[in-house]
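In UniProt numbering, the protein residues as written are 1 to 478. Positions of the beta carbon are idealized from the N, C-alpha and C atoms, including for glycine. All values derive from a computational prediction rather than experimental measurement. Reviewing the structure listed below.
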């Protein structure tokens, strides 16, 4: 049964019945009310709105006539699953995506990275900020404030801390994303967000479109539902979405439009607008991963796709792992209420909620004006490291590899000489204590690529590591 916490504005010049129509259409467009969802009886709605039943009946009759609602004997009034009026945009029918999945093993290279990462002397592939960049005083201050307010550490509501969700909604507003706490689910990091989507929304064999080299392909989570990955071409403006095949029954697009992982690319504003128009027209669900959104080095990037989403097509993934602390294990999903409630229910079945303590501490961090000052400082430090990394690469790897200078995020995407065996390079460097991320874990056509991170290792360690890599490449070429 659909719940509606709303009251008409009796002082408005808009007739009450039209306000009811507009409100219903707004929720359906946003995907908050799924197709097939049942509405309360007209009598209940009249009591809730404090209006005559005839007013509700007039609104319902209009929506029924336009095909927005439907009725069935004994089944009440429901959101229609047949034809739709031209007065509204048809939302994604997420019900087709509700399904279950299973886990499979990680790629062997990923298993090896996970096994040795914390023991490696020089970590050139690690997607974390270096320990010396962590804002110790800011977090300690937040922990003290959280401790002063602590009365218990019981389970939180299924969607997570109401206070934290409200704070996140406020910060997202600065990016043009208009949302509420009721449209946000707190997760144990973005990886769990993807897991919840996989086991809750995807049918076996769903088609998942990505860029040719994609972070998603380094994971097994969507492959657990036997997802069929299809790569889309890219150009200087971003992913070429028009190559998506409309005949695929259940399909979605996974994209990191801002500082993509692994190649660091940024989708242009125009491509974002065009993509969202296409997604709305084709009822294409999109998973937008925003992990690196706050980490620009040159200039603030364009608005997220979610800020352009007027029809509930986008599930927006956020995380504190890249900008602050992966060990806090806090991420979030923003989407239509019907989907958020579904994912929250599944999450409660798996872990009964993300850490209460982490959510309390993060709330204090995000409410502290020093957090934004910290982000400014972090961006300055990352820019300094990026610039030094580019200097080192020019000196040590010119003629052996090519790369672009990233405008933000953590990564430099190297393309090595075709004669280089990258897997052999990975193994040899590992034996010398230098950890790399081979491009092959991000896509089968990235066999000659390496993802470097300038965020974790300091300048001196980065330089030592690249010198080792350069010597190993020279050995292979000779």
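Whole beta strand (DSSP E) elements within the region 242-297, 3-residue minimum: List check, beta strand (DSSP E) in window: 251-255, 286-289.
So for residue 210, helix, strand or coil by DSSP? Residue 210 sits at position 210 when you count from the first residue of the chain shown. Here residue 210 sits in strand by DSSP.
Have a look at residue 402 and residue 235 and give me their C-alpha separation to the nearest angstrom. Residue mapping note: residue 402 aligns to position 402 of the chain shown, counting from 1. Residue mapping note: residue 235 aligns to position 235 of the chain shown, counting from 1. Taking the Cα positions, residue 402 is about 17 Å away from residue 235.
Limits of the unbroken beta strand (DSSP E) element including residue 316: Here residue 316 refers to the residue found at position 316 when the chain shown is read from its first residue. Taken as a continuous stretch (DSSP letters only), the beta strand (DSSP E) holding residue 316 covers 314-319.
Look at the alpha carbon of residue 299 and the alpha carbon of residue 219, and state the distance between them as a whole number of angstroms. Reading the chain shown from its first residue, position 299 is the one you call residue 299. Reading the chain shown from its first residue, position 219 is the one you call residue 219. Distance between the alpha carbons of residue 299 and residue 219 is about 30 Å.
Fully enclosed by the region 311-385, which beta strand (DSSP E) runs are 3 residues long or longer? Scanning the region 311-385 from its first residue to its last, the whole beta strand (DSSP E) runs of 3-plus residues come out as 314-319, 331-334.
DSSP three-state label for residue 57, please. Your numbering for residue 57 matches position 57 in the chain shown. Reduced to three states, the DSSP call for residue 57 is helix.
Residue 373 versus residue 330: straight-line alpha-carbon distance, rounded: Against the chain shown, residue 373 aligns to sequence position 373. Against the chain shown, residue 330 aligns to sequence position 330. Going by the C-alpha atoms only, they are around 21 Å apart.
Please name the residue in 315, 432, 366 whose C-alpha comes closest to that of residue 470. Walking along the chain shown from the start, residue 470 turns up at place 470. For residue 470, the nearest C-alpha among the options comes from 432.
Which residue comes first and which comes last in the beta strand (DSSP E) that contains residue 171? Along the chain shown, read from residue 1 onward, the residue named residue 171 stands at position 171. That residue, residue 171, is in no beta strand (DSSP E); its alpha helix (DSSP H) goes 162-173.
Taking residue 178 as the reference, which of 193, 205, 335, 38 has the closest Cα? Taking the chain shown and counting its residues from 1, the one referred to as residue 178 is at position 178. Checking every option, the nearest Cα to that of residue 178 belongs to 335.
Determine the DSSP secondary structure at residue 151, reduced to helix, strand or coil. Here residue 151 is taken as the residue at index 151 of the chain shown, counted from 1. Coil at residue 151, not helix or strand.
Got a sec? Which residues, its chain only, sit under 7 Å from residue 53 by beta carbon, not counting five neighbours each side? To locate residue 53, count along the chain shown from 1; it is residue 53. These residues qualify, in order along the chain: 42, 43, 46.
Rounded to a whole number of angstroms, what is the C-alpha to C-alpha distance between residue 156 and residue 144? Working through the chain shown from its first residue, we reach residue 156 at position 156. Working through the chain shown from its first residue, we reach residue 144 at position 144. In this structure, the CA atom of residue 156 is about 20 Å from the CA atom of residue 144.
Between 33, 25, 232, 319, which has its C-alpha nearest residue 59's C-alpha? Working through the chain shown from its first residue, we reach residue 59 at position 59. Cα-wise, what sits closest to residue 59 is 25.
Give me the DSSP bridge partner(s) of residue 438. Against the chain shown, residue 438 aligns to sequence position 438. Bridge pairing for residue 438: 450 [DSSP].
Nearest by alpha-carbon distance to residue 50: which of 29, 68, 20 is it? In the chain shown, the residue the question calls residue 50 occupies position 50. The shortest Cα separation from residue 50 among 29, 68, 20 belongs to 20.
Starting from residue 431, follow the beta strand (DSSP E) in both directions and report where the run begins and ends. Here residue 431 refers to the residue found at position 431 when the chain shown is read from its first residue. Run containing residue 431: none in the beta strand (DSSP E); it sits in the alpha helix (DSSP H), 422-431.
Would you kindly work out how many angstroms separate the C-alpha atoms of residue 280 and residue 3, rounded to a whole number? For this step, residue 280 is matched to residue 280 along the chain shown. For this step, residue 3 is matched to residue 3 along the chain shown. Going by the C-alpha atoms only, they are around 25 Å apart.
Using only CA atoms, which one of 265, 262, 240 lies nearest to residue 278? For the purposes of this step, residue 278 is identified with residue 278 of the chain shown, where counting begins at 1. Check the Cα spacing between residue 278 and each of 265, 262, 240: the tightest is with 240.
Based on DSSP bridge pairs, tell me the residues matched to residue 230. Position 230 of the chain shown, counted from the start, is the residue given in the question as residue 230. BP columns for residue 230 point to 209.
Can you give me the C-alpha to C-alpha distance between residue 282 and residue 271, rounded to a whole angstrom? For the purposes of this step, residue 282 is taken as residue 282 along the chain shown, with counting starting at 1. For the purposes of this step, residue 271 is taken as residue 271 along the chain shown, with counting starting at 1. C-alpha separation (whole angstroms): 16 Å.
In terms of alpha-carbon separation, which member of 149, 436, 182 lies closest to residue 411? Along the chain shown, read from residue 1 onward, the residue named residue 411 stands at position 411. Of the candidates 149, 436, 182, the one whose C-alpha sits nearest the C-alpha of residue 411 is 436.
Express the C-alpha separation of residue 349 and residue 200 in angstroms, rounding to a whole number. Locating residue 200 in the chain shown gives position 200, where the first residue counts as 1. Locating residue 349 in the chain shown gives position 349, where the first residue counts as 1. Separation of residue 200 and residue 349 (C-alpha to C-alpha, rounded to the nearest whole angstrom) is 11 Å.
Rounded to a whole number of angstroms, what is the C-alpha to C-alpha distance between residue 152 and residue 186? What you label residue 152 is simply residue 152 of the chain shown in a count that begins at 1. What you label residue 186 is simply residue 186 of the chain shown in a count that begins at 1. The straight-line gap from Cα to Cα measures roughly 19 Å.
Check each candidate in 324, 64, 340 and name the one with the smallest Cα separation from residue 365. For this step, residue 365 is matched to residue 365 along the chain shown. Of all alpha-carbon atoms in 324, 64, 340, the one lying nearest the alpha-carbon of residue 365 is that of 324.
Report all residues from its chain with a CB closer than 8 Å to the CB of residue 420; omit the five preceding and five following residues, and keep chain order. Numbered from its first residue, the chain shown carries residue 420 at position 420. Contacts found: 400, 448, 473, 476, 477.
Going by C-alpha distance, which of 56, 159, 361 is nearest residue 345? Against the chain shown, residue 345 aligns to sequence position 345. Closest option to residue 345, Cα to Cα, is 159.
My assumption, with CB atoms under 8 Å, is that residue 318 sits in contact with residue 30. Please give the rounded CB distance. What you label residue 318 is simply residue 318 of the chain shown in a count that begins at 1. What you label residue 30 is simply residue 30 of the chain shown in a count that begins at 1. Their Cβ separation, rounded to whole angstroms, is 19 Å, which puts residue 318 and residue 30 out of contact at 8 Å.
When the Cα of residue 371 is compared with those of 205, 148, 294, 251, which residue comes out closest? In the chain shown, the residue the question calls residue 371 occupies position 371. The closest CA to that of residue 371, considering only 205, 148, 294, 251, is found on 294.
Measuring alpha carbon to alpha carbon, tell me which of 442, 438, 440, 429 ends up nearest residue 464. The count along the chain shown starts at 1 and reaches residue 464 at position 464. Shortest Cα-Cα distance from residue 464 to any of 442, 438, 440, 429 involves 429.
Between the region 242-258 and the region 202-214, are three or more C-beta pairs nearer than 8 Å? Flag = yes, the region 242-258 and the region 202-214 touch.
For the beta strand (DSSP E) containing residue 76, name the first residue and the last one. Against the chain shown, residue 76 aligns to sequence position 76. It spans 76-79 - the beta strand (DSSP E) in which residue 76 sits, taken as one unbroken run.
Apply the 10 Å Cβ neighbour rule to residue 12 and answer buried if 16 or more other Cβ atoms are within range, or exposed otherwise. In the chain shown, the residue the question calls residue 12 occupies position 12. Per the 10 Å Cβ criterion, exposed.
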